[in-house]
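Asks: Protein chains in written order, with the working numbering: chain U, 2 to 272; chain S, 250 to 518. Got a structure for you, questions after.
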Amino acid sequence: MFLSIDRLSHTYFTKTTAVTALDDVSLSVEKGEFVSFLGPSGCGKTTLLSIIAGLIEPTEGSVRMEGRPLWPNGTDAPAARRAVGYMLQQDCLFPWKTIEENILLGLKMTRTLTAQTKERALALLAEIGLAGVESYYPSQLSGGMRQRAALVRTLATDPKLLLLDEPFSALDQQTKLKLEELVWKTLKQYEKTAVLVTHDIEEAIAMSDRIFLFSPRPGRLAKTFVIPDDLRGRPPLAARQHPAFSALFQSIWKEMEALESDPSTYPGAAQ
Amino acid sequence: MNPIHRRIQALHNEYLAALRKEQRVIRLWQAALLVAFFAVWEASSRFQWVDPLLFSSPSAIAKLFVEKMSDHSLLAHTWATLFETLLGFFIGTIGGALLGALLWWFPRLAKTLDPYLVVFNAMPKVALGPILIVALGPGFTSIIAMGVVISIIITTIVVYSAFQEVDPNYLKVLRTFGATRCQCFKEAVLPASFPTIISTLKVNVGLAWVGVITGEFLVSKQGLGYLIIYGFQVFNFTLVLMSLLIVALLSTVMYQLVALIEKKWGSRR
Chain U
2 MFLSIDRLSH
12 TYFTKTTAVT
22 ALDDVSLSVE
32 KGEFVSFLGP
42 SGCGKTTLLS
52 IIAGLIEPTE
62 GSVRMEGRPL
72 WPNGTDAPAA
82 RRAVGYMLQQ
92 DCLFPWKTIE
102 ENILLGLKMT
112 RTLTAQTKER
122 ALALLAEIGL
132 AGVESYYPSQ
142 LSGGMRQRAA
152 LVRTLATDPK
162 LLLLDEPFSA
172 LDQQTKLKLE
182 ELVWKTLKQY
192 EKTAVLVTHD
202 IEEAIAMSDR
212 IFLFSPRPGR
222 LAKTFVIPDD
232 LRGRPPLAAR
242 QHPAFSALFQ
252 SIWKEMEALE
262 SDPSTYPGAA
272 Q
Chain S
250 MNPIHRRIQA
260 LHNEYLAALR
270 KEQRVIRLWQ
280 AALLVAFFAV
290 WEASSRFQWV
300 DPLLFSSPSA
310 IAKLFVEKMS
320 DHSLLAHTWA
330 TLFETLLGFF
340 IGTIGGALLG
350 ALLWWFPRLA
360 KTLDPYLVVF
370 NAMPKVALGP
380 ILIVALGPGF
390 TSIIAMGVVI
400 SIIITTIVVY
410 SAFQEVDPNY
420 LKVLRTFGAT
430 RCQCFKEAVL
440 PASFPTIIST
450 LKVNVGLAWV
460 GVITGEFLVS
470 KQGLGYLIIY
480 GFQVFNFTLV
490 LMSLLIVALL
500 STVMYQLVAL
510 IEKKWGSRR
């Protein structure tokens, strides 16, 4: 098992409240698989992603990658976390750095910047269609180009697991569809395992091999959808055209509606 | 080139010419205002519309300036003041930025010191003058110290809050790469706050001059502040106004230099 999450819970504390964002979530992801965490806001999907990324310490439970624990914290946890790449909703390129300096940032932070890794990162930049912008500043690039540069920054450290935190949600529709296609192809080409957080059902179906549907307040794993073979082998744009696409959309949509209208039908809801 | 392009080119040239003309008109008015000010001043003094003893006149000031320049005393005073101001400015700004960094580095220290910073910031620092003179001696050290205390606290507060307001997403990006706190500071916090730090420089130019001139009032030994207070005591307002004009000129030059730095460094975002 590549990534396994076992009985994970997380509660946020404030002065006045204790909010449980994740409640007893267990799931696992195979190597090379593309999975999505789908759900409305407040279902804890971003919290779960932050825990996997090592940004938040869970209140309870464990996360393991290739058998090595990411949580609970241990001596080899930092090393294991280094194999996880994280891509944010905003591109978050540093405006005072050139594109080249931006994409080499991860290598610099992990002290793995060599002539070889640098060359690889620049090659990746060219491959993703951004050749020749190395000396530009992020403000000189369009939103789609910036998000592509952010993808290169994430991939430059050669992470085994890629976490995508709604990276397409701030883009216009056309850019978004193109970028989905590009990310999907790039990840398949490099055989990366990826977890996508999204609230967009179509995006989840188009890109994933499996979809984990979460229910809100507290965040629980409500249902798992396995994408049929016809769809999962196709790139996102082609998958969207496939007849099986809308049928799957309907069944996920119904499931989400049910979650929303009647909280007592949450699987495993506390009575 | 086809006609539409030529037409656009012509319109653009017209637009640029209009901009240049507007700029020239403004400059002309500014110069006219300056000339008029000195002319009216000279005339009012000469025709006794105002008391020449109190308000002097540009010609008297010019005469005194030449006189003081030829016996080298004015240069020594000006240099003393400029030296103190520059030193006060740099120590205040750099010290304030370092203190701001220290507070960012140790959040508990920042929370502990918060009320004291508020008190120090609210207090009129000029009131510390007599104590500084007693502690550091009636010389340039206490004058520089005045320049420093007046600017350091506000710099600390402004820089610290700029550090805190850095977009947390930048830090998130760095932390996903396992960056240390030191790396976070160097890669994100400091460069992101750079525009704020530069803009405090502008404020500090003014504050350093306030501190140094006040310090020279109190120490009364040397410098343009000393000349002002001395001229006041012996009722030589030509001396007072001349010193004032030099202070105005120097502080403007310093401010423009900082503005130049700001333009050069702040252009990327």
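Glycine included, each C-beta is placed from N, C-alpha and C at the ideal position. Please read all numbers here as calculations on a predicted model, not as lab measurements.
With 16 as the cutoff for other CB atoms within 10 Å, does S:Tyr264 come out buried or exposed?
Replies: Taking the first residue of the second sequence as position 1, residue 264 of chain S is located at position 15. With fewer than 16 Cβ atoms within 10 Å of its Cβ, S:Tyr264 is classed as exposed.
Asks: Could you check where the alpha helix (DSSP H) with U:Asp77 kicks off and where it finishes?
Replies: One-based indexing of the first sequence puts residue 77 of chain U at position 76. Where U:Asp77 is concerned, there is no enclosing alpha helix (DSSP H), given that its DSSP letter is neither H nor E.
Asks: In the region 66-139 of chain U, which residue ranges form an unbroken beta strand (DSSP E) of at least 3 residues, counting only runs that do not cross its ends?
Replies: Here the runs fully enclosed are 69-72, 85-88.
Asks: From S:Pro373 to U:Arg65, what does the alpha carbon distance come to, in whole angstroms?
Replies: In the second sequence, the residue the question calls residue 373 of chain S occupies position 124. In the first sequence, the residue the question calls residue 65 of chain U occupies position 64. Spanning the two alpha carbons is a distance of roughly 59 Å.
Asks: Chain S partners of U:Gly107, CB-CB under 7 Å?
Replies: Sequence index remark: in the first sequence, residue 107 of chain U carries index 106 (1-based). Simply Phe426.
Asks: Mind reading off the beta-carbon distance from S:Ser305 to S:Thr487? Whole number of angstroms is fine, and I expect it under 8 Å.
Replies: The count along the second sequence starts at 1 and reaches residue 305 of chain S at position 56. The count along the second sequence starts at 1 and reaches residue 487 of chain S at position 238. Yes, S:Ser305 and S:Thr487 are in contact; Cβ-Cβ is about 4 Å, under 8 Å.
Asks: Can you list the beta strand (DSSP E) stretches of 3 or more residues lying completely in the region 141-213 of chain U, in chain order?
Replies: Those beta strand (DSSP E) runs which fall completely within the region 141-213 of chain U and span 3+ residues are 162-166, 194-199.
Asks: Let me know the secondary structure DSSP gives U:Arg218 once reduced to three states.
Replies: Mapped onto the first sequence, residue 218 of chain U falls at position 217. Reduced to three states, the DSSP call for U:Arg218 is coil.
Asks: Indicate whether U:Ala171 and U:Gln90 have their beta-carbon atoms separated by less than 8 Å.
Replies: As a first step, residue 171 of chain U is located in the first sequence; it is residue number 170 there, counting from the start. As a first step, residue 90 of chain U is located in the first sequence; it is residue number 89 there, counting from the start. Yes, Cβ-Cβ distance for U:Ala171 and U:Gln90 is below 8 Å.
Asks: What does U:Phe95 reach in chain S if we use C-beta pairs closer than 9 Å?
Replies: Here residue 95 of chain U is taken as the residue at index 94 of the first sequence, counted from 1. The answer, in chain order, is Tyr419, Val422, Glu436, Ala437, Pro440, Ala441.
Asks: Given S:Ile462, which residues of its chain have a CB within under 6 Å of its CB, disregarding the five upstream and five downstream residues?
Replies: Counting from one through the second sequence, the residue named residue 462 of chain S turns up at place 213. Contacts found: Gly474.
Asks: Touch check for the region 490-500 of chain S and the region 428-443 of chain S: three-plus C-beta pairs under 8 Å?
Replies: No: fewer than three Cβ pairs fall under 8 Å.
Asks: In whole angstroms, what is the alpha-carbon distance linking S:Pro301 and S:Trp328?
Replies: As a position in the second sequence, residue 301 of chain S is number 52, starting the count at 1. As a position in the second sequence, residue 328 of chain S is number 79, starting the count at 1. Roughly 29 Å separates the two Cα atoms.
Asks: Compare the C-beta of S:Gln471 with all C-beta atoms of chain U and state if any pair is closer than 8 Å.
Replies: Translated into the one-based positions of the second sequence, residue 471 of chain S becomes position 222. Answer no: the Cβ-Cβ gap between S:Gln471 and chain U never drops below 8 Å.
Asks: Is it true that the CB of U:Lys193 sits closer than 8 Å to the CB of U:Asp165?
Replies: Locating residue 165 of chain U in the first sequence gives position 164, where the first residue counts as 1. Locating residue 193 of chain U in the first sequence gives position 192, where the first residue counts as 1. For the record, residue 165 of chain U in the displayed sequence is Leu; it is not Asp. No, the Cβ-Cβ distance between U:Leu165 and U:Lys193 is not below 8 Å.
Asks: Which stretch, first to last residue, makes up the alpha helix (DSSP H) that contains U:Leu28?
Replies: Numbered from its first residue, the first sequence carries residue 28 of chain U at position 27. That residue, U:Leu28, is in no alpha helix (DSSP H); its beta strand (DSSP E) goes 19-30.
Asks: Just mark U:Pro244 as buried or exposed, buried being the case when its beta carbon has 16 or more other beta carbons within 10 Å.
Replies: Here residue 244 of chain U is taken as the residue at index 243 of the first sequence, counted from 1. Exposed.
Asks: So, at 7 Å on beta carbons, what are the nonlocal neighbours of U:Pro96 in its own chain, with the 5 sequence-adjacent residues on each side left out?
Replies: Sequence index remark: in the first sequence, residue 96 of chain U carries index 95 (1-based). For U:Pro96, where only same-chain residues beyond five positions count, the Cβ hits under 7 Å are Tyr138, Pro139, Ser140.
Asks: Which whole-angstrom value describes the C-beta separation of S:Gly345 and S:Ser400, a residue pair presumed to lie in contact below a C-beta threshold of 8 Å?
Replies: Reading the second sequence from its first residue, position 96 is the one you call residue 345 of chain S. Reading the second sequence from its first residue, position 151 is the one you call residue 400 of chain S. Yes, S:Gly345 and S:Ser400 are in contact; Cβ-Cβ is about 7 Å, under 8 Å.
Asks: Apply the 10 Å Cβ neighbour rule to S:Trp353 and answer buried if 16 or more other Cβ atoms are within range, or exposed otherwise.
Replies: Indexing the second sequence from 1 puts residue 353 of chain S at position 104. So S:Trp353 counts as buried.
Asks: Taking C-beta pairs closer than 8 Å, name the residues in chain S that U:Leu56 reaches, listed in chain order.
Replies: As a position in the first sequence, residue 56 of chain U is number 55, starting the count at 1. Chain S residues near U:Leu56: Lys421, Arg424, Thr425.
Asks: Would you list, in sequence order, the uninterrupted alpha helix (DSSP H) runs of no fewer than 4 residues that lie entirely inside the region 362-387 of chain S?
Replies: Segments of the alpha helix (DSSP H) lying fully in the region 362-387 of chain S: 378-385.
Asks: Identify, in the order they occur along the chain, each residue of the same chain with its Cβ nearer than 8 Å to the Cβ of U:Ala19, setting aside the five sequence neighbours on each side.
Replies: Residue mapping note: residue 19 of chain U aligns to position 18 of the first sequence, counting from 1. Taken in chain order, the residues that qualify are Thr12, Tyr13.
Asks: Excluding the 5 residues preceding and the 5 following S:Thr334 in the sequence, name in chain order all residues of the same chain whose CB lies nearer than 7 Å to its CB.
Replies: Reading the second sequence from its first residue, position 85 is the one you call residue 334 of chain S. Here the set comprises Gly396, Ala457, Trp458, Val461.
Asks: List, in chain order, every chain U residue whose beta-carbon is nearer than 7 Å to that of S:Gln432.
Replies: The residue given as residue 432 of chain S occupies position 183 in the second sequence. Going along chain U in sequence order, the residues near S:Gln432 (Cβ under 7 Å) are Met110.
Asks: So with CB distances below 9 Å, who are the chain S contacts of U:Arg83?
Replies: The sequence position of residue 83 of chain U within the first sequence is 82, counting from 1. Near U:Arg83 (Cβ distances below 9 Å), the residues of chain S are Phe426, Gly427.
Asks: Against chain S, does U:Phe38 count as a neighbour if the rule is that its beta carbon must be under 8 Å from one of theirs?
Replies: In the first sequence, the residue the question calls residue 38 of chain U occupies position 37. Output row for U:Phe38: interface = no.
Asks: Between the C-alpha atoms of S:Gln471 and S:Phe412, what's the straight-line distance to the nearest angstrom?
Replies: As a first step, residue 471 of chain S is located in the second sequence; it is residue number 222 there, counting from the start. As a first step, residue 412 of chain S is located in the second sequence; it is residue number 163 there, counting from the start. Cα-Cα distance, rounded: 39 Å.
Asks: Going along chain S in order, which residues have a C-beta closer than 7 Å to the C-beta of U:Tyr87?
Replies: Locating residue 87 of chain U in the first sequence gives position 86, counting from the first residue. Neighbours of U:Tyr87 on chain S, chain order: Thr425.
Asks: Hey, would you say U:Ile1 sits closer than 8 Å to U:Phe250, going by beta carbons?
Replies: This structure cannot settle anything about residue 1 of chain U, because the visible part of chain U is limited to 2 through 272.
Asks: Quick one: measure Cβ to Cβ for U:Gly220 and U:Cys44, integer angstroms, because I've assumed they're closer than 8 Å.
Replies: On the first sequence, residue 220 of chain U is found 219 positions in, with the first residue counted as 1. On the first sequence, residue 44 of chain U is found 43 positions in, with the first residue counted as 1. Indeed, because the Cβ distance is near 5 Å, the residues count as touching under 8 Å.
Asks: Less than 8 Å between the C-beta atoms of U:Ala195 and U:Phe35, yes or no?
Replies: Within the first sequence, numbered from 1, the residue matching residue 195 of chain U stands at position 194. Within the first sequence, numbered from 1, the residue matching residue 35 of chain U stands at position 34. Result yes, Cβ atoms of U:Ala195 and U:Phe35 sit closer than 8 Å.
Asks: Is U:Leu75 buried or exposed, if buried means 16 or more other CB atoms sit within 10 Å of its CB?
Replies: Within the first sequence, the letter at position 74 stands for residue 75 of chain U. The amino acid occupying residue 75 of chain U in the given sequence is Gly; Leu does not appear at that position. Flag for U:Gly75 reads exposed.
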